[in-house]
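Comments concern the structure below.
Numbering (the working numbering), first residue to last: 22 to 239.
What follows is the structure, encoded as C-alpha cells:
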C-alpha cells in the first residue's frame, strides 16, 4: 500500500479489510509522519490509523458510520498479548437505570470492530495484521451479561461497589480528564451522589484471544 496523507472513505467492508491488511508491517513512525502528525507525536497512533484508513466518523458515531465499523488500535507484544485493556465508551451514570443492551452505545461500538494491532518490537512499533471482527452469538451474549450485571448494580445505587473485577470480558473503570471531574449517579436510599466518571473497557485476555481467533470464548 502506498501511504497517503488522506484516504477517501472505503466503499465497502471488503475495501476496508484489504486496506487494513495492506498496512501490516508498516512502521508506526512512518504512518504517523505520512498522516501529518509527526514522528515523535505521542498518543496519536489511533488518529494516524484513522487517517490512513479513511475513517470519517466524528462525535457520537462509529469511525466508519456508513459501514457500521468501529476502529480500535491496540498495542500488543510480539505474541499478540495486549499491553492494556481497551476503552469502549463512557458510561452515562445518571441514565444507568434506563439503559438497555439492545439500544446501548456499548453494543453499537462492539457490533463490528476493526482491530489494528500495534506490535512493540523493542524500541520500534509496527502495524500488525488487522482483524475485522463481528461478535458471535455466544460472544454477544456474554458481553450483554456483563453489561447488564454492571449497570444493574449501578441502577440500584451500588456504584461504589462496582470494581474492575466485575464482568467476564467487559469491565467498568474510572474514566475522567482529571481527578477533579465528577458525575452524578444514584446512591444508597435513592439519593444522588457525586462520583468519578466511569467507562467500559474490554479485558486484555479477551481482546488478545480474538486477535488470534475471532470466535474465541476465553
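All C-beta atoms in this analysis are idealised placements derived from N, C-alpha and C, irrespective of residue type, glycine included.
Compute the beta-carbon to beta-carbon distance between residue i and residue j, rounded to the nearest angstrom, for a pair I have assumed lies under 8 Å.
i: residue 223; j: residue 106; result: 6 Å
i: residue 101; j: residue 229; result: 6 Å
i: residue 75; j: residue 30; result: 5 Å
Under DSSP, the beta strand (DSSP E) around residue i begins and ends at which residues?
i: residue 192; result: 191-195
i: residue 137; result: 134-142
i: residue 240; result: In the structure displayed, the chain extends from 22 to 239; residue 240 sits before or after that span and is not available.
i: residue 111; result: 107-111
i: residue 99; result: Here residue 99 belongs to no beta strand (DSSP E), and DSSP marks it neither H nor E.
Nearest CA to the CA of residue i: which residue from the options?
i: residue 136; options: 103, 161, 164; result: 103
i: residue 49; options: 36, 71, 35, 38; result: 71
i: residue 178; options: 28, 141, 118; result: 118
i: residue 193; options: 160, 201, 182; result: 182
i: residue 67; options: 231, 229, 123, 139; result: 139
i: residue 145; options: 38, 30, 47; result: 47
i: residue 111; options: 80, 44, 141, 226; result: 80
i: residue 160; options: 186, 31, 77, 231; result: 231
How about residue i and residue j: do their beta carbons lie closer than 8 Å?
i: residue 125; j: residue 85; result: no
i: residue 99; j: residue 221; result: no
i: residue 218; j: residue 204; result: yes
i: residue 151; j: residue 42; result: yes
i: residue 28; j: residue 73; result: yes
i: residue 154; j: residue 235; result: yes
i: residue 208; j: residue 45; result: no
i: residue 190; j: residue 163; result: yes
Is residue i helix, strand or coil by DSSP?
i: residue 204; result: strand
i: residue 220; result: strand
i: residue 130; result: helix
i: residue 92; result: strand
i: residue 214; result: strand
i: residue 146; result: strand
i: residue 50; result: helix
i: residue 63; result: Confidence in residue 63 is poor, its pLDDT being 49 and thus under 50, which makes the residue's placement too unreliable to answer from.
By the DSSP assignment, the alpha helix (DSSP H) with residue i in it spans what residues?
i: residue 228; result: 225-233
i: residue 71; result: 66-74
i: residue 166; result: 158-176
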